[in-house]
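Take a look at the structure below.
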Amino acid sequence: VALYPLMKRITWWPQAWLGIVFSWGALVGAAASTYESGAVPPEAYPLYAGCIMWTIGYDTIYALQDREDDALVGVRSTARLFGENWRTWTSVFYVLALAFWAAAGAMSGAGFWVAAPLSLIGALMIWPMLAGVDDTRPETALAAFKFNAIIGAAVLATFALEPIWRTIRPSLGV
């Protein structure tokens, strides 16, 4: 994470770097949860990839606030790289995040219990792209960025509650 400011000077993709280092917990947590072997379960990899894509998306939105200032001082970002197409590209990264998360759910055998909430989460992710962010008004980008805390909580709940449901379901006779 400490290299993030440097990445803004050497690559147009500092948001990808941030995603790689911020999302590492998906792999570490998954390995820790398989305490018998300590191996990273296969479904953790698409979970990790989805988190990287999501980070690229939300940090691109955050970077919209500073595009003009960043250009003046030579700071790079996906918001500057994507230019007027930022909305399309951010939506692409959000759709990729959802696809990777759905793959993680399918690989874990979760099925409906991950697919249904991810559909709602997808609508919540794309909504700011369609209605909420005006890239000429930094406060709308900040609001959309902050809204991603709700997205993160929803994704966490989706993946955390599914194993609990799988455990208690037989005792409920469902």
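Using the numbering used here, the first residue of the sequence shown is number 16, and each one after it goes up by one. Glycine is no exception: its CB is placed at the ideal position from the N, C-alpha and C atoms.
Here alanine 46 has Gly53, Ala54, Val55 as same chain residues with Cβ atoms under 7 Å from its own Cβ, once five neighbours each way along the sequence are excluded.
In the structure shown, serine 92 falls within a coil segment according to DSSP collapsed to helix, strand and coil. Contact annotation: alanine 119 and phenylalanine 174 have beta-carbon atoms nearer than 9 Å. For the options Ala112, Leu113, Asp74, the alpha carbon positioned closest to that of phenylalanine 97 is the one of Asp74.
A direct Cα-to-Cα measurement between glutamine 30 and serine 48 gives close to 28 Å. In the three-state scheme derived from DSSP, where H, G and I count as helix and E and B as strand, serine 52 is classed as coil.
Judged by DSSP secondary structure, glutamine 80 falls outside any alpha helix (DSSP H); it is assigned neither H nor E.
The Cβ atoms of isoleucine 136 and leucine 113 lie closer than 9 Å to each other. Counting other Cβ atoms within 10 Å of its Cβ, lysine 23 reaches 16 or more and is therefore classed as buried. By the neighbour-count definition (other C-beta atoms within 10 Å, threshold 16), glycine 124 is an exposed residue.
Within the same chain, and ignoring the five residues on either side of alanine 117 in sequence, the residues whose Cβ sits closer than 8 Å to its Cβ are Val129, Ala130, Leu133. Per DSSP, reduced to three states, the secondary structure at tryptophan 27 is coil, with no helix or strand assignment.
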